[in-house]
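Chains A and B supply the protein sequences, listed in that same order.
To convert a position in the first sequence, counted from 1, into my numbering, add 16.
To convert a position in the second sequence, counted from 1, into my numbering, add 762.
Report on the following structure.
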Amino acid sequence: MSIRNIVIGAMASAMSVAMAVPAMAQTEITWWHAMGGQLGETVNQLAEKFNASQSDYKITPIYKGSYEETMTAGIAAFRAGEQPNVIQIFDAGAATIIGAKGAVVPAQQLMSENGVPFDINDYISGVRYFYADKEGEMIGMPFNSSTPIMYYNEDALKKAGVTPPKTWEEFQSVTAPKLKEAGYVPLTQSHLPWIFTENFYSRHNLEFASLDNGYDSGTPVMMMNEDPIKGHFAAVKEWLDNGMFAWYGTGWADNQKPFNEGQAAMWLGSSGSFGGVKAAANFSFNATYLPYWESLTKEPYQTFIGGAALFAMSGKPADENKAVAEFFRFLTSPEIQYFWHKETGYVPITTAAYELAKKEGYYKETPQAEVGIRQLTERAGDWTRGYRLGFYVQIRDVMNREYGKILSGEKGVDEAFTTIEVESNKLLERFSKSMGN
Amino acid sequence: MIKSQFKSPLFPYLLLLPQLSIVVIFFYWPAAEAIRSSFYLEDPFGFSSTFVGLDNFRDMVSRSDYVATAEFTIIFSVIVTLFSLAIALLLAVTADRVLRGASTYKTLLMWVYAIAPPVAALIGIMMFDTLVGPIARFFQALGWNYQLGTNRFDTAFAMIVISIWKQVPVNFIFFLSGLQGIPKSVQEAAAIDCASSTRRFWTITFPLLAPTGFFLLIINITYSLFDTFGIIDVVLKGEPGNNPVTLVYKVFLDGFRGNDLGGSSAQSVILMILVLILTVFQFRLIERRVHYN
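What follows is the structure, encoded as structure tokens:
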């Protein structure tokens, strides 16, 4: 070992001692999340950046498994009084955590109480109210926000001599037959409830559930046994039978794989999948908006966000809540939002961050990354804000089960949608009762 | 025989205390809690809890998927139990006859026993995968368009095969030791009386194996009802979709994934009753008819 190395080593250890001293006074907070793999790495980077940006607070991210597992772990921990400061809850769980009065401190309240400026109009419109209560107060801080978009294999489309379809009519009459002829699986998708149901309703501005899609108090009823959605699934089943669409079960990855491997020409996934596709695909790909039925609407409406939000759990001391507020301030800053957007493909949640990304010329080099956010800011309608429905994880399971039956030919469309309507309304009623209504 | 007596009448209970407290804390308390919450409707975070009587049970049986799940569970358990017992018995009888390299055969046959259910299921998924699995490809070559995860029947088929495969070695070990417990003299006497080995098997060996077989029957029923959870979970990859699940898996889905505590407690109470019936059946009806000596 040279003298120089020894000196550097000594300096490094002296510095780490110096840095360890203020750690004694730090407020430590925990953050349970559901971001595995590459996304988990980025979450860790976010935490490191926050911890390095100041010396008063230290956040520790802990991976708790899938969205469902994270929520269940959080609930169990809350009941035992061991809840984390921050928990990531996904879209389908929003009604459960927001409905439980007293489980969380509303993000908006937490920030303003701790002197962090908050203005809901800073957030882009498709994001703003999804995790808000009916008065429009933001309860959960949107974190990983994505929306379904269509990825396509440029080489495949060129070979077949087609352009990405704007409407489903175009898809079934022109795009899919040509792609099939060229030897490709024309289309796959990764999430039937999210892409072909929830966002189908938003894209065509259709009422999804009564009581303002469930945002109003009371027991909502779902509008699932309706002609538009039934027509869509009848068409999907026909595409499947004619080799214009392929379905590999309910798993997300199983349906993305054929696209990544170049067998499927187009894939409906999340705008947040961008990073993953980029890493896996060895062909040139691009992304565009989610198609719509021209027969249902001349011009499409915006979709809403999926993904998850961060919730500050209640029952924590004031200094820890202050730390969470500071973390939210850090998280919503344009630079961090831009970093997150760029690393993961999730949309930036504030207008300032979107402007920053534009200014930096990010969309010039990667126009695919802008598709999600542009779709989220298309024209809004009465039913494009999102939904707030209880026991929604089970309702999605019911949908997946019945959709699977339609696609595997076990059941007809009418019968399946009657079952979905009856069972999801039963679940909603049950949830409402469990909330003490 | 020396009969010893404890000085204090409480002393034996003190000695039993560790065991009893484990049983109470880990078995009776949770069971009582499950029974209690099956009569309540509670929000996931536990803020409000309402007594609803038998509503949870009524809701449960009125749901079409619960009935379908119960039906599937019965079919699944019967097939898994029957086949894992039959295959194991066949293998045990065959391995018992082998003279050269017997221990090698036996070791190889027992190997699978050491594999954890989720790992067994992972291996199974690789074999049955629609696109790359060799078994799936084999079926497809035969003209059966095998689709794991999208076709209800095909997924059930994979679950059943994996569950049987995982259980055969356990049964094999027990059957083999049962076979070796049959006295040589009895077998030799039978061999003098009867030339047909098949007939000898059914009249001598099989009845003498009955205690083992009966014990294994109960073990296998509980295995197929409860212990196949890990296999089912891995085969489904966390998303049940339109695939079949067993009753135990449904308790998990509704309780842990869906956060419906009352509903899933009601389901587990039903399972408890089922186990109770099985136990009574074991001790009352069958045990009398099986001769252990």
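Note that the Cβ used here is the ideal one computed from N, Cα and C, for glycine as well.
Under 8 angstroms between C-beta atoms of residue i and residue j
i: residue 308 (chain A); j: residue 220 (chain A); result: yes
i: residue 1003 (chain B); j: residue 400 (chain A); result: no
i: residue 363 (chain A); j: residue 213 (chain A); result: no
i: residue 203 (chain A); j: residue 282 (chain A); result: yes
i: residue 48 (chain A); j: residue 80 (chain A); result: yes
i: residue 239 (chain A); j: residue 224 (chain A); result: yes
i: residue 1028 (chain B); j: residue 822 (chain B); result: yes
i: residue 142 (chain A); j: residue 318 (chain A); result: yes
i: residue 387 (chain A); j: residue 211 (chain A); result: no
i: residue 146 (chain A); j: residue 365 (chain A); result: no
i: residue 423 (chain A); j: residue 263 (chain A); result: yes
i: residue 454 (chain A); j: residue 105 (chain A); result: Residue 454 (chain A) lies beyond the residue range present for chain A, which begins at 17 and ends at 453; the question has no answer from this structure.
i: residue 1008 (chain B); j: residue 773 (chain B); result: no
i: residue 441 (chain A); j: residue 323 (chain A); result: no
i: residue 91 (chain A); j: residue 46 (chain A); result: no
i: residue 451 (chain A); j: residue 156 (chain A); result: no
i: residue 941 (chain B); j: residue 978 (chain B); result: no
i: residue 1006 (chain B); j: residue 914 (chain B); result: yes
i: residue 879 (chain B); j: residue 928 (chain B); result: yes
i: residue 854 (chain B); j: residue 1034 (chain B); result: no
Burial state of residue i, where buried means 16 or more other Cβ atoms lie within 10 Å
i: residue 946 (chain B); result: exposed
i: residue 955 (chain B); result: exposed
i: residue 775 (chain B); result: exposed
i: residue 925 (chain B); result: buried
i: residue 118 (chain A); result: exposed
i: residue 907 (chain B); result: exposed
i: residue 51 (chain A); result: buried
i: residue 1011 (chain B); result: buried
i: residue 84 (chain A); result: buried
i: residue 184 (chain A); result: buried
i: residue 888 (chain B); result: exposed
i: residue 98 (chain A); result: exposed
i: residue 37 (chain A); result: Model confidence at residue 37 (chain A) stands at a pLDDT of 46, short of 50, so the residue's coordinates are unreliable and nothing is read from them.
i: residue 938 (chain B); result: buried
i: residue 110 (chain A); result: buried
Cutoff 8 angstroms: residue i Cβ touching any chain A Cβ
i: residue 896 (chain B); result: no
i: residue 821 (chain B); result: yes
i: residue 816 (chain B); result: no
i: residue 804 (chain B); result: yes
i: residue 810 (chain B); result: yes
i: residue 1001 (chain B); result: yes
i: residue 961 (chain B); result: no
i: residue 913 (chain B); result: yes
i: residue 799 (chain B); result: no
i: residue 1027 (chain B); result: no
i: residue 1059 (chain B); result: Missing from the structure shown is residue 1059 (chain B); chain B here goes from 763 to 1055 and no further.
i: residue 826 (chain B); result: yes
i: residue 1055 (chain B); result: With a pLDDT of 47 at residue 1055 (chain B), under the threshold of 50, the predicted position of this residue should be treated as unreliable, though the coordinate-derived value follows. With 8 angstroms as the cut-off, residue 1055 (chain B) does not count as an interface residue toward chain A.
i: residue 807 (chain B); result: yes
i: residue 1022 (chain B); result: yes
Proximity test, Cβ basis, 8 angstroms: residue i and chain B
i: residue 417 (chain A); result: yes
i: residue 37 (chain A); result: Low local confidence applies: a pLDDT of 46 at residue 37 (chain A) is under 50, so the model's placement there is unreliable, and no value is given.
i: residue 270 (chain A); result: yes
i: residue 365 (chain A); result: no
i: residue 420 (chain A); result: yes
i: residue 434 (chain A); result: no
i: residue 413 (chain A); result: yes
i: residue 84 (chain A); result: yes
i: residue 426 (chain A); result: yes
Residues sharing a beta bridge with residue i, DSSP
i: residue 165 (chain A); result: A:285
i: residue 238 (chain A); result: A:225
i: residue 454 (chain A); result: Residue 454 (chain A) is absent from the model: chain A starts at 17 and stops at 453.
i: residue 205 (chain A); result: A:284
i: residue 326 (chain A); result: A:104 and A:157
i: residue 303 (chain A); result: A:167
Near the ligand ATP: residue i beta-carbon under 7 angstroms from a heavy atom
i: residue 412 (chain A); result: What this structure holds is no ligand at all, so the ligand ATP is not there to describe.
Which of the residues in the segment 439-452 of chain A, read from start to end, lie with their CB under 9 angstroms from any CB of chain B?
439, 442, 443, 446, 447, 449, 450, 451 and 452
Of the residues that make up the segment 113-146 of chain A, which ones have a beta carbon closer than 9 angstroms to any beta carbon in chain B?
113, 115, 116, 117, 118 and 119
Could you please tell me which residues of the segment 1003-1020 of chain B, in chain order, have their CB closer than 8 angstroms to any CB of chain A?
Residues of the segment 1003-1020 of chain B with a C-beta less than 8 angstroms from any C-beta of chain A: 1003, 1004, 1005, 1015, 1016, 1018, 1019 and 1020, listed in chain order.
Interface positions of the segment 385-416 of chain A facing chain B (Cβ-Cβ less than 7 angstroms), listed along the chain
407, 409, 410, 413 and 416
At a CB distance below 7 angstroms, what residues from the segment 78-104 of chain A approach chain B? Give them in sequence order.
82, 84, 88, 91, 94 and 95
Determine which residues of the segment 244-275 of chain A have a Cβ less than 7 angstroms from any Cβ of chain B, and write them out in chain order.
263, 264, 265, 266, 267 and 270
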